[in-house]
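**Student:**
Numbering (full-length UniProt numbering), first residue to last: 1 to 435.
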């Protein structure tokens, strides 16, 4: 038997239920309870009244009456989650933790996304000494909890309790798995085990799982790899061999105070977003040799050896009026480039580190890289990334783009034509970001 549906209730009973809810919101439990009693006198199987009155008796410590009403509520209700949750609290108050756990499981079955029920399940499991299961329940509670709740001051004690339980379990799981996998890991080189090590890091909470998020032109079936191994590409040694010449040209530019320009220059009327602190400022400066597929003659002419090395060795992506792009990128002391995503995963961003003081770094996804002068860094900039220079000196790298190494020659041509088409469709002045 199920409770009478709201449409089947008389107007008088509906009014009493609404009044009970209003009294509850106003923290008037006695008046709310009186309304629920009057409903049940006329219709004894109205689930909201049974559940509400059962909750009232639970708050007064009258556990027998609370249990009687709540058992009836879960029998007749077509939405019994709250009644089961309160019934769980009745069992818990009586010290019957196994029954409390069964009731809260029923509440979750009735409403799987109710984060509060998962949290109560976690605490019951902890009281029963079932810490591993409790950690899983805490994870579910955090997954379903709205983001605003996780930041609310009154929620911090519970959130911290959940995080501590999850972290402790992940540490124990990692220790268990390393022991379990010990024999299987033997014989693998660091490079061979790298992806699996990252998998284990994600499983045990040491690393986040990252995905690419191209803002303008996503290309499917390209894996989201934060950093690519420079050793895998035969063009890298030739360009790295030009490091002394490139550094010398940069030092000449700096000594002669050739003007860098702000890298971030938001068009008038456009929102600055996360780059507001850098907009039109030389904290992040750029000296372009090539920009939007056009040679900046008066600047590139001062860096002929740099330009020659790039075009001789790097597989630069080429799109008429869009690519290649090559520039010196300078971060002044104390500068932070906030997390952001690039336009398309059809290319990789490459850094040649030139002037690298301490306390500088580049994070892509969950991996952080410290630049080493003369060693190329290849990464997918459509994965969220950020960079910083927290030293008291200037940091400079040479930045350029190359085709994604997994694209075929045909795909490269098609991507180039697609970008041209996008530009033609939207017009020369369209804001296409860094596409």
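Don't be surprised by glycine CBs; every beta carbon is placed ideally from N, CA and C. Predicted model, so just to flag it, every value in this text is computed and none were measured.
Could you tell me which residues DSSP puts in a beta bridge with residue 355?
**Tutor:** The residue given as residue 355 occupies position 355 in the chain shown. Residue 355 has 396 as its beta-bridge partners, per DSSP.
**Student:** With a CB to CB cut of under 7 Å and the five nearest residues on each side skipped, what residues in its chain are close to residue 358?
**Tutor:** Translated into the one-based positions of the chain shown, residue 358 becomes position 358. Correct list, in chain order: 391.
**Student:** Residues bridged to residue 329 by DSSP?
**Tutor:** As a first step, residue 329 is located in the chain shown; it is residue number 329 there, counting from the start. Per DSSP, 286 and 397.
**Student:** Whole-angstrom Cβ separation of residue 109 and residue 90, contact assumed at under 8 Å?
**Tutor:** Start at 1 with the first residue of the chain shown, and residue 109 comes out as number 109. Start at 1 with the first residue of the chain shown, and residue 90 comes out as number 90. Rounded, the Cβ-Cβ distance is 18 Å, inconsistent with contact.
**Student:** Would the beta-carbon of residue 345 fall within 9 Å of that of residue 382?
**Tutor:** Working through the chain shown from its first residue, we reach residue 345 at position 345. Working through the chain shown from its first residue, we reach residue 382 at position 382. A contact, by the Cβ cut-off of 9 Å.
**Student:** Between which two residues does the alpha helix (DSSP H) carrying residue 176 extend?
**Tutor:** Position 176 of the chain shown, counted from the first residue, corresponds to residue 176. That run of the alpha helix (DSSP H) goes 156-180.
**Student:** Report the rounded CA-to-CA distance for residue 312 versus residue 374, giving the unit in angstroms.
**Tutor:** Residue numbering aside, residue 312 sits at position 312 when the chain shown is read from its first letter. Residue numbering aside, residue 374 sits at position 374 when the chain shown is read from its first letter. Residue 312 and residue 374: Cα-Cα distance of roughly 17 Å.
**Student:** Compare the beta carbon distance of residue 380 and residue 351 with 9 Å and say whether it is the shorter of the two.
**Tutor:** Taking the chain shown and counting its residues from 1, one reaches residue 380 at position 380. Taking the chain shown and counting its residues from 1, one reaches residue 351 at position 351. No; because the gap between Cβ atoms is not below 9 Å, this pair is not in contact.
**Student:** Which residues does DSSP pair with residue 23 in a beta bridge?
**Tutor:** The residue labelled residue 23 in the question sits at position 23 within the chain shown. Its beta-bridge partners do not exist; DSSP assigns none.
**Student:** Rounded C-beta distance between residue 51 and residue 73? I'm assuming under 8 Å.
**Tutor:** Residue numbering aside, residue 51 sits at position 51 when the chain shown is read from its first letter. Residue numbering aside, residue 73 sits at position 73 when the chain shown is read from its first letter. That pair is a contact at about 4 Å.
**Student:** Per DSSP, which one or two residues make a beta bridge with residue 323?
**Tutor:** The residue you call residue 323 lines up with position 323 of the chain shown. Answer by DSSP bridge pairing, in chain order: 319.
**Student:** Please classify residue 180: is it buried, with 16 or more other beta-carbons within 10 angstroms of its beta-carbon, or exposed?
**Tutor:** Within the chain shown, the letter at position 180 stands for residue 180. Residue 180 is exposed by the Cβ-count criterion.
**Student:** Quick check on residue 113: does DSSP put it in helix, strand or coil?
**Tutor:** Here the question's residue 113 lines up with position 113 in the chain shown. Note: residue 113 maps to coil in three-state DSSP.
**Student:** In the structure shown, what three-state DSSP assignment does residue 28 receive?
**Tutor:** On the chain shown, position 28 is the one that residue 28 refers to. Reduced to three states, the DSSP call for residue 28 is coil.
**Student:** Please determine, among 20, 428, 408 and 12, the residue with the shortest C-alpha to C-alpha distance to residue 221.
**Tutor:** As a first step, residue 221 is located in the chain shown; it is residue number 221 there, counting from the start. The candidate whose alpha carbon is nearest that of residue 221 is 408.
**Student:** So the alpha helix (DSSP H) residue 246 belongs to, where does it begin and stop?
**Tutor:** Against the chain shown, residue 246 aligns to sequence position 246. Start and end: 243-255.
**Student:** State the start and end residues of the unbroken alpha helix (DSSP H) segment that holds residue 377.
**Tutor:** Residue 377 sits at position 377 when you count from the first residue of the chain shown. Unbroken run through residue 377 is the beta strand (DSSP E), 377-379; no alpha helix (DSSP H).
**Student:** Check the DSSP bridge columns for residue 199 and list the partner residues they point to.
**Tutor:** The count along the chain shown starts at 1 and reaches residue 199 at position 199. Residue pairing by DSSP leaves residue 199 without any beta bridge partner.
**Student:** Tell me, to the nearest whole angstrom, how far the beta carbon of residue 365 is from that of residue 330; I am working on the premise that it is less than 8 Å.
**Tutor:** For the purposes of this step, residue 365 is taken as residue 365 along the chain shown, with counting starting at 1. For the purposes of this step, residue 330 is taken as residue 330 along the chain shown, with counting starting at 1. Contact doesn't hold; Cβ gap of about 25 Å is too wide.
**Student:** If you reduce the DSSP assignment to three classes, tell me which class residue 350 lands in.
**Tutor:** Here residue 350 refers to the residue found at position 350 of the chain shown. In this structure, residue 350 counts as strand in the three-state DSSP scheme.
**Student:** So what's residue 218 in DSSP terms, helix, strand or just coil?
**Tutor:** Counted from its first residue, the chain shown places residue 218 at position 218. Three-state result, residue 218: coil.
**Student:** Which of the three DSSP states is assigned to residue 224 in this structure?
**Tutor:** Taking the first residue of the chain shown as 1, we reach residue 224 at position 224. Annotated three-state conformation of residue 224 is coil, per DSSP.
**Student:** Taking the alpha helix (DSSP H) that residue 132 belongs to, which residues open and close that run?
**Tutor:** Here residue 132 refers to the residue found at position 132 when the chain shown is read from its first residue. Boundaries of the alpha helix (DSSP H) around residue 132: 131-144.
**Student:** Are the C-beta of residue 85 and some C-beta of chain B separated by less than 9 Å?
**Tutor:** Of the chains in the structure shown, none is chain B; there is only one protein chain.
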